[in-house]
Each structure stands twice: as C-alpha cells, then as structure tokens.
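Note sheet for the following structure.
Numbering (my numbering), first residue to last: 12 to 621.
As structure tokens, then:
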C-alpha cells in the first residue's frame with residue numbers, strides 16, 4: 012500500500028488531506044490548552060475556598076480549632092490544598108508534555124509538508140515543460156511535412172508542363188529537395204524530443220511522484236502516531252496524580268475518623284467551667300402570718316402610744332431611702348457567663364423586720380439618726396467601663412486559673428529564651444576575651460545588661476501571675492462552701508437599730524402599702540430632716556471587698572462597680588442579699604454575690620466567720 016502508486020494522480024487531494032491533518036492536530040492542542048486552563052482555574056478556586064475557611068490568626072475561630080471536629084475540618088482544608096496542587100501538576104505536565112511538544116511538532120510538520128509539495132510541484136512543472144516542447148516539435152514536423160509535400164507536387168506539375176522552361180523546372184526540383192530535407196530534420200528532432208519526454212514522463216510517474224507521495228504518507232502516518240501518543244500521555248498525566256489524590260482523600264477519611272465526641276465534650280467543660288458550686292436550697296418564707304398594724308387618722312404625734320404602719324419617707328428623700336424602685340425586684344445574680352448554674356432564686360430584695368411605726372418614730376425622735384445613705388444616693392451613678400483586668404479577675408475561677416496558667420507558661424518560655432540569649436552572649440564574650448582580635452568584649456556589656464534587665468522584668472511579671480494563680484488555686488476548691496457558709500450566717504442576722512441605713516431599706520415587695528394620704532403626711536417630715544441627714548459624718552468602714560463581676564447600678568441607691576475593683580464595706584448583708592459599700596465619697600448597695608468581702612475583725616459591728 013503506497014500513496015505513490017495508488018494515488019499517483021491525486022496530488023491536489025493529498026495536499027488538502029495533509030492540511031486537514033495539521034488542522035486536527037492544532038485543534039487537539041487547543042483542546043489540551045483549554046483543559047490546562049480549566050485545571051489551573053479549578054486549583055485556584057479550591058485554594059481560595061480552603062483559604063476562605065481557614066481560621067484567622069489571633070481570633071476566636073483559632074481557639075475553636077481545639078475540638079476534634081474542627082481539627083478534622085482543618086485537615087480537610089489542608090488536604091484540599093494538596094488536592095488543588097495535584098490539579099496544578101496536571102496542568103503543568105499537560106502543558107510541558109503535550110501542548111509545548113505538539114506545538115513545536117506542528118511547526119516542523121508544516122515545514123516538512125511544504126518542502127514535499129514544493130518538490131512535487133517542481134516535478135509537475137518540469138513534465139509540463141517537456142510536454143510543451145514535444146508539442147512544439149510535433150507541430151513543426153507536421154508543418155515541414157506539409158510544406159515538403161506541396162513543394163513535391165509543384166515540382167511534378169512544373170516537370171509535366173512542356174511550356175515551362177528547364178530552368179524553372181530545376182528551380183522547382185531544388186525547392187522540393189530543400190523542403191524534404193527540412194521535413195527530415197523536423198522528424199529527427201521530433202523523434203528525439205519524444206523519446207526524452209517519454210523518459211521524463213516515466214521518471215515522473217514511476218520515480219519522482221511515488222517518492223514524494225511516499226514521504227508525504229510517512230509524514231502523515233507520523234502525525235497520526237504522534238497524536239495517538241499525545242492522547243496516551245494525556246491519560247497518563249491524570250493517572251500519575253490519582254495515587255496522591257487518593258492519599259489526600261484517605262487523609263480526609265482518617266481525619267473524619269479521628270473525631271472524638273467525648274473529647275470535644277470534655278473540652279467544652281474545660282472552656283466554660285466556672286468552678287462555682289450550684290446554689291443551695293432556698294428556705295421557705297412564710298407569708299401567712301398576719302401583719303399587725305394600726306393606722307392613725309389624726310397626726311404623727313398620736314403615734315407614740317398607739318400602733319401605726321411603718322414610716323415611709325417620701326418627697327425629696329423618698330428616692331434616697333429605698334434603692335429599689337420596682338416592686339419584687341431581687342438583686343441580680345452573678346453574670347450567666349461567669350456562673351452557669353445561677354438561677355433566679357438568689358437572695359431577695361432587702362427586707363427588714365417589721366415593727367410598729369410608733370416604736371420606730373419614738374426612737375427616731377429620741378436619737379440622732381445616721382442615715383448616711385442620703386448623701387451617696389444624691390450623687391450620680393456613672394460607670395466608665397475599661398479594658399479587661401490584667402489578673403483576669405473578670406473571669407470565673409476555673410477560667411481565670413487556666414488563663415493565668417497560660418500566661419505563666421508564656422512568661423517562662425520568654426524567660427528561657429532570654430536566658431539562652433544571655434548564655435550565648437556570655438560565651439561570645441569569653442571568646443572575645445580569649446581572642447581579642449575577634450572582637451571587643453566591652454561591646455557586649457550593654458547587650459548583656461539589657462538582656463539581664465529583661466530577664467528580671469519577666470521574672471517579676473511571672474511572680475506576679477504566679478501569686479494570682481496561687482490565690483486562685485487556693486481559693487477555688489472551697490469557694491462554694493464559703494459562699495454557703497456566709498449565706499447561712501447572713502440569714503441568721505437581724506437588723507438592730509434605725510442608725511443602720513440597711514434597716515431603712517424596705518423591700519418594695521408589696522408587704523407595706525401605704526395610702527396616698529399617709530405618703531403625703533410623711534413628705535413634710537422627710538423634708539425637714541433632709542438637711543440634717545446630709546451633714547452627718549460617714550459611717551466607718553468595717554472591712555474591704557473585691558468586685559468579682561461588673562455591676563451596673565441602674566436603680567436609685569445602688570452603685571456601679573468594675574470587676575476586680577477594691578472598695579470599703581460600711582454595712583454588711585442583713586440577709587437581704589445586698590451589701591453597702593463606699594468608693595471615695597460615693598456610697599451605695601451592690602449584690603452580695605457580686606463581691607468578695609474581707610471584714611476587719613476589730614471593726615465595730617463586724618462579724619467573725621467560723
């Protein structure tokens with residue numbers, strides 16, 4: 012099977028076919044190129060997707076990746092990066108092994124095809140020239156033969172005519188001979204050119220064209236073979252990355268199997284455990300006992316010998332005496348984030364032991380009251396929130412312990428790093444001392460002093476946090492017992508005299524409801540004594556307290572405090588869940604559960620906790 016033999020007369024069709032083959036090759040190159048672009052785009056989108064869901068540094072998301080499920084998801088994102096990398100490898104290999112190679116081969120193929128068909132056209136032109144020469148000699152031979160025949164006929168005619176002279180006959184004979192000689196020369200020339208043309212034509216159809224077509228056939232077969240090899244390479248490039256892609260998928264499955272729900276549950280406990288104990292049982296409060304009160308219809312002077320409802324100051328001092336405006340509003344429990352077990356069953360609003368108004372009014376008239384809460388209630392309750400305290404006192408005990416431990420570990424690492432640097436500088440200084448030509452030992456003194464100062468500063472910082480950590484670790488186990496013990500002691504105490512401002516704090520729970528006329532009657536008395544109360548000396552401090560949580564005093568009589576703030580205690584909890592404190596000249600009440608009280612045993616009125 013040879014194109015030179017079978018297709019000797021299909022030069023133009025072969026030219027079209029080989030051009031079509033090159034077009035097919037270029038189309039395949041374009042296909043592979045677009046595939047590489049798709050792979051690159053897919054890899055880029057996968058990387059962007061993995062980057063989009065990566066945890067941001069120094070953010071809350073980074074802390075969430077402690078959980079095994081989040082770690083598995085992070086492993087999946089990392090494997091997706093590797094997965095995208097394999098698609099980039101596919102693109103690179105297809106570009107280098109297929110696109111680039113085939114593009115270079117197409118250029119070579121075009122040059123080779125051009126040379127073959129150039130040789131074919133040159134052979135065609137040569138045979139056409141030979142054919143034209145043959146045709147020209149043939150026509151000349153034919154013309155000469157006709158001229159010789161006419162000259163012979165003219166000679167014979169002249170020779171037969173008796174009227175023609177002998178000279179004319181001889182001239183006609185000579186002309187006929189010349190024509191015959193020209194015809195013979197044309198015949199010989201035609202015969203020679205014909206033989207040459209036949210030889211050239213034989214060479215053209217049996218040698219030149221078959222050789223050229225055979226080369227074109229081999230070129231075309233190489234093109235077909237090359238495109239087949241490229242398709243095989245196309246598949247092999249994909250096949251080479253399949254094991255790595257499979258490994259990525261296996262790692263994703265392995266990460267999914269490493270998820271431990273029990274471990275994640277334990278991490279939730281470690282993250283949010285406050286260290287507090289659940290509140291104890293609430294004691295039953297019996298409201299079925301009838302309240303014995305008598306109402307006076309005349310004036311306050313009649314209250315000395317007869318019972319009357321308790322005096323309830325109004326007007327100017329009304330807002331000062333009772334810090335709780337709304338009825339049935341207990342002191343808020345500690346923040347839910349710090350005390351998950353807190354329920355709205357904490358200490359109720361401040362209550363006092365009820366007694367007839369006449370008795371209280373007699374004491375009020377015969378003794379000089381010291382209701383110093385009027386001054387503190389006059390001042391505005393403004394609170395400027397700041398940053399988180401350095402000792403993490405805004406956190407529950409367990410979380411605070413973890414943060415302090417983490418801070419101590421970080422400081423120890425910094426100390427070790429500085430010590431290693433100091434040792435390196437010391438060794439370098441020793442080398443300089445032994446070999447002065449290497450450097451000046453005195454040049455390292457400044458750096459050594461600086462490093463030593465840094466170490467000392469870090470050690471002091473570490474000692475400070477270690478002290479806080481020791482305080483938390485020492486207090487954390489017994490905190491629940493202490494809270495219950497203090498709560499029990501507070502419930503056993505009763506208010507004594509009217510001199511304590513807490514005794515005048517009446518819980519607005521509806522136990523005492525006065526008529527509008529009674530409130531109007533008391534307003535005048537409260538106004539008369541208001542100025543006298545403002546001039547009283549402040550109550551002495553009986554201890555200090557530390558705010559465990561931030562409290563915003565939004566009601567009259569309360570005071571706002573910040574977490575970790577230290578204040579003076581001027582009145583203990585009387586069993587109503589509120590403690591009276593002082594900050595500079597500002598006084599007010601805060602929930603007892605929001606502060607940690609340290610009482611001075613030598614102070615007057617202080618209780619001793621056993």
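Each residue gets a CB set at the ideal place from its N, CA and C atoms; glycine is no exception.
The C-alpha of residue 406 is placed about 26 Å away from the C-alpha of residue 80. Considering only 113, 473, 251 and 413, the residue with the shortest C-alpha distance to residue 282 is 413.
Burial is judged here by how many other beta carbons sit within 10 angstroms of a residue's own beta carbon; residue 210 has fewer than 16 and is exposed.
Here residue 59 is exposed: its Cβ has fewer than 16 other Cβ atoms, across all protein chains shown, within 10 Å. The beta carbon of residue 459 lies closer than 8 Å to those of 433, 436, 437 and 440 in the same chain, with the five residues before and after it left out.
Taking the C-beta atoms as reference points, residue 456 is found no nearer than 8 Å to residue 443. The beta-carbon distance between residue 580 and residue 608, rounded to whole angstroms, is 6 Å. This is short enough to meet the 8 Å contact definition. Annotation for residue 594: 578 place their beta carbon closer than 6 Å to its own, counting only its chain and skipping 5 residues before and after. The Cβ atoms of residue 469 and residue 426 sit closer than 8 Å to each other. In terms of CA proximity to residue 567, 600 leads the group 476, 600, 20 and 555. Distances from the CA of residue 253 to each of 96, 121 and 216 were compared; the closest alpha carbon is that of 96. Annotation: residue 471 to residue 419 spans about 11 Å, alpha carbon to alpha carbon. Proximity of the stretch 113 to 126 to the stretch 151 to 168 falls short of the contact definition, fewer than three beta-carbon pairs being nearer than 8 Å. Residue 129 and residue 220 have their C-alpha atoms some 12 Å from each other.
Looking only at 125, 69 and 611, the smallest Cα-Cα distance to residue 554 is reached by 611. At the C-beta level, residue 47 and residue 227 stay beyond 8 Å of one another. Under the three-pair Cβ rule at 8 Å, the stretch 155 to 162 counts as touching the stretch 180 to 196. Distances from the alpha-carbon of residue 144 to those of 176, 92 and 202 put 202 closest. Nearest Cα to residue 109 within the set 36, 169, 86 and 64: 36.
With fewer than 16 other Cβ atoms from the protein chains shown falling within 10 Å of its own Cβ, residue 172 counts as exposed. Residue 452 sits in a helix when the DSSP states are folded into three classes. Between the C-alpha atoms of residue 137 and residue 236 there is a straight-line separation of about 34 Å.
Here DSSP, grouped into helix, strand and coil, assigns residue 19 to coil. Of the residues assessed, residue 98 falls on the buried side of the cut-off, its CB having 16 or more other CB atoms within 10 angstroms.
Nearest C-alpha to residue 53 among 244, 429, 556 and 100: 100. Cα atoms of residue 55 and residue 75: separation of roughly 27 Å, rounded to the nearest angstrom.
Residue environment for residue 104: buried (at least 16 other C-beta atoms within 10 angstroms of its C-beta).
Note that the C-beta distance between residue 550 and residue 476 is not below 8 Å. With contacts defined by Cβ atoms closer than 8 Å, residue 86 and residue 266 form a contacting pair.
In the three-state scheme derived from DSSP, where H, G and I count as helix and E and B as strand, residue 79 is classed as helix. Residue environment analysis places residue 291 among the exposed positions, since fewer than 16 neighbouring C-beta atoms fall within 10 angstroms of its C-beta.
DSSP places residue 579 inside the beta strand (DSSP E), whose first and last residues are 577 to 582. Counting every other CB atom within 10 Å of its CB across the protein chains shown gives residue 584 a total of 16 or more, marking it as buried. An exposed status is given to residue 276, since fewer than 16 other beta-carbon atoms sit within 10 Å of its beta-carbon. As the crow flies, the alpha-carbon of residue 473 is around 11 Å from that of residue 424.
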